[in-house]
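Engineer:
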Ligand code: NAD
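Residue numbers (full-length UniProt numbering): 3 to 363.
1) In angstroms, rounded to a whole number, what distance separates the CA positions of residue 242 and residue 270?
2) Counting Cβ pairs closer than 8 Å, one from the region 149-166 and one from the region 127-140, do we hit at least three?
3) Secondary structure at residue 43, three-state DSSP: helix, strand or coil?
4) State yes or no: is the C-beta of residue 129 nearer than 7 Å to some heavy atom of the ligand NAD?
5) Do residue 98 and residue 106 have their CB atoms nearer than 8 Å?
6) Where does residue 10 land, buried or exposed, given buried means 16+ other C-beta within 10 angstroms?
7) Roughly how many angstroms separate the alpha carbons of residue 46 and residue 146, rounded to a whole number?
8) Beta carbon of residue 172, beta carbon of residue 254: below 8 Å?
9) Does the count of Cβ pairs from the region 40-57 and the region 287-297 closer than 8 Å reach three?
10) According to DSSP, residue 159 sits in a beta bridge with which residue or residues?
11) Which residues in the same chain as residue 169 place their Cβ atom closer than 6 Å to its Cβ, once the five residues preceding and following it in sequence are excluded?
12) Between which two residues does the alpha helix (DSSP H) carrying residue 180 extend?
13) Quick check on residue 90: does DSSP put it in helix, strand or coil?
14) Pull up the CB-CB distance for residue 65 and residue 37, whole angstroms please, since I reckon it's below 8 Å.
15) Examine the ligand NAD and report whether any of its heavy atoms sits within less than 7 Å of the Cβ of residue 75.
16) So, at 8 Å on beta carbons, what are the nonlocal neighbours of residue 296 in its own chain, with the 5 sequence-adjacent residues on each side left out?
17) Would you kindly report the start and end of the unbroken alpha helix (DSSP H) that includes residue 2?
18) Is residue 58 helix, strand or coil by DSSP?
19) On the DSSP letters alone, give me the boundaries of the beta strand (DSSP E) that residue 168 sits inside.
20) Would the C-beta of residue 263 count as close to the ligand NAD, meaning under 7 Å from any of its heavy atoms?
21) By Cβ distance below 8 Å, which residues in the same chain neighbour residue 149 in space, the five residues on each side in sequence not counted?
22) Residue 6 by DSSP, collapsed to three states: which one?
23) Verify whether the separation of the beta carbon atoms of residue 90 and residue 73 is less than 8 Å.
24) How would you call residue 363, buried or exposed, if buried means at least 16 neighbouring beta carbons within 10 angstroms?
25) For residue 1, count neighbouring C-beta atoms within 10 Å of its own C-beta (all shown protein chains included) and say buried if the count is 16 or more, exposed if not.
26) Who are the near neighbours of residue 345 in its chain, counting only those whose CB is closer than 7 Å to its CB and skipping five residues on each side?
27) Specify the secondary structure class of residue 332 as computed by DSSP and reduced to three states.
28) Output the residue ranges of the alpha helix (DSSP H) runs that lie fully inside the region 213-268 and measure 4 residues or longer, sorted by chain position.
29) Who are the near neighbours of residue 354 in its chain, counting only those whose CB is closer than 6 Å to its CB and skipping five residues on each side?
30) Which same chain residues end up closer than 6 Å to residue 8 when comparing Cβ atoms and leaving out the 5 residues on each side of it in sequence?
31) Closer than 7 Å: is that where the CB of residue 221 sits relative to any heavy atom of the ligand NAD?
32) Work out the CA separation of residue 331 and residue 370 for me, nearest whole Å.
33) At a threshold of 7 Å, does residue 196 count as lining the ligand NAD (C-beta to nearest heavy atom)?
34) Do you know offhand how far residue 136's Cα is from residue 180's?
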């Protein structure tokens with residue numbers, strides 16, 4: 003099996019789908035890894051490090067690959083150069099772009115968009131949504147700390163006492179919990195809320211306080227479901243009051259397959275103290291705050307609202323290390339004695355493959 007890796011060309015993307023570590027492991031598993039020169043430069047992995055890990059450097063590497071690894075979905079023009087029938091693994095979001103979907107079909111590629119991977123216990127080591135969300139939550143809180151005109155921790159100094167910042171994290175999934183942990187490490191007073199009741203214990207175990215807004219909304223697969231109008235009104239009313247006392251908000255709320263829920267209205271921002279900061283990690287899917295401008299930071303009557311994009315790329319080294327391990331673990335489902343074998347009775351393959359499992363079952 004020849005393994006190839008795409009060069010990431012999306013603006014601001016520094017991560018890479020293969021690290022020297024996973025290159026070595028794939029080679030040990032019987033694969034031949036071929037990479038284009040400069041592959042890992044965005045994440046500071048040198049050609050030499052890959053070569054030492056068994057990779058062959060080849061400017062035409064992709065064209066011969068049987069298994070292609072990527073972070074962002076390749077452009078249709080790149081897809082058209084892949085070997086017909088090649089296997090493609092990464093965050094592909096084929097439904098989001100008809101031209102790309104068509105290119106995958108036209109080339110007969112066997113695509114495994116990892117955002118479709120069932121989130122079962124066995125799949126945890128391959129869960130790119132979780133590994134990347136952890137970095138996103140961490141960086142979002144650091145951006146918030148940087149933008150805030152305050153200390154996070156309580157300080158007792160010769161110039162008097164400084165009160166700790168009050169931080170609120172909206173949505174306590176993987177990103178939100180990492181944001182809470184990060185704010186705690188910086189010494190802030192942290193609260194979090196979510197519509198999944200089990201997050202109370204998770205927030206508290208990190209030293210945060212669960213903010214109970216009286217709304218619980220668990221849907222399919224244990225994920226959040228969209229709120230009804232009534233639930234949304236209740237959440238908003240209670241939150242509006244609470245936000246008046248908050249210094250920093252990090253938003254992470256999401257509902258799978260939908261635009262981000264609108265949770266903070268412009269009126270709620272207007273009620274916040276000048277000098278407050280909102281960092282909206284949900285900017286990518288439209289934002290949890292009405293004022294969020296994806297990719298931009300604005301000031302609204304003294305309240306800073308930031309909508310940073312592709313936060314995992316800011317931590318490209320560790321984000322790549324985790325992402326590449328996720329891909330390696332997934333690749334092991336396919337690699338059998340140096341060949342690619344598809345066991346369609348394995349739900350991790352059958353439910354992830356796109357468009358539909360080949361009938362060869
Ligand atoms: P996500 O990114 O889809 O959503 C982030 C959070 O926003 C979620 O916690 C969600 O409940 C919350 N949310 C949605 N609407 C909200 C609203 N109106 N107000 C407040 N909060 C709202 O979620 P995620 O971080 O990808 O994953 C969270 C879920 O996935 C959890 O159920 C988690 O246990 C599960 N998960 C399971 C595994 C596994 O291996 N079994 C791995 C990862 C995640």
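We put the CB at the ideal spot given by N, CA and C, even for glycine. This one's a predicted model, so the numbers in the text were calculated from it and none came from an experiment.
Structural biologist: According to the structure data:
1) Roughly 5 Å separates the two Cα atoms.
2) Counting Cβ pairs under 8 Å, fewer than three are found: no touch.
3) Residue 43: helix per DSSP, three-state reduction.
4) For residue 129, the shortest separation between its Cβ and any heavy atom of the ligand NAD lies below 7 Å.
5) 8 Å or more divides the Cβ of residue 98 from the Cβ of residue 106.
6) With 16 or more other Cβ atoms inside 10 Å of its own Cβ, residue 10 counts as buried.
7) In a straight line, the C-alpha of residue 46 is about 26 Å away from that of residue 146.
8) Less than 8 Å divides the Cβ of residue 172 from the Cβ of residue 254.
9) The answer is no - the region 287-297 does not touch the region 40-57, with fewer than three Cβ pairs under 8 Å.
10) Note: residue 159 sits in a beta bridge opposite 162.
11) The answer, listed in chain order, is 185, 190, 192, 250.
12) 176-187 is the span of the alpha helix (DSSP H), which, as asked, contains residue 180.
13) Here residue 90 sits in strand by DSSP.
14) In this structure residue 65 does not touch residue 37 by the C-beta definition: roughly 13 Å separates them, more than the 8 Å allowed.
15) No, the beta carbon of residue 75 sits no closer than 7 Å to any heavy atom of the ligand NAD.
16) Closer than 8 Å at the Cβ level, and outside the excluded window around residue 296, lie 285, 286, 288, 289, 309, 311.
17) The chain is shown from 3 up to 363; residue 2 falls before or after that span and cannot be answered.
18) Residue 58 falls in the strand class under three-state DSSP.
19) Unbroken beta strand (DSSP E) run through residue 168: 168-172.
20) Checking every heavy atom of the ligand NAD against the Cβ of residue 263, one is found closer than 7 Å.
21) Excluding positions up to five away in sequence, the list reads 279, 281, 299, 306, 308.
22) It is a strand residue.
23) Not in contact: residue 90 and residue 73 (Cβ atoms no closer than 8 Å).
24) Below a pLDDT of 50, predicted positions are generally treated as unreliable, and residue 363, at 43, falls in that range; the measurement from the model is reported next regardless. So residue 363 counts as exposed.
25) The structure shown has nothing for residue 1, since the chain only spans 3 to 363.
26) 351, listed in sequence order.
27) The answer is helix: DSSP assigns residue 332 an H, G or I state.
28) Uninterrupted alpha helix (DSSP H) stretches at least 4 residues long and entirely within the region 213-268 occur at 231-245, given in chain order.
29) Apart from sequence neighbours up to five positions away, the residues of its chain that approach residue 354 with a beta-carbon distance below 6 Å are 114, 118, 119, ordered along the chain.
30) Around residue 8: 72, 76.
31) Residue 221 has its CB no nearer than 7 Å to any heavy atom of the ligand NAD.
32) Nothing can be reported for residue 370, as the shown portion of the chain is limited to 3 through 363.
33) Yes - the ligand NAD has a heavy atom lying nearer than 7 Å to the Cβ of residue 196.
34) Per the coordinates, the alpha-carbon of residue 136 lies some 6 Å from the alpha-carbon of residue 180.
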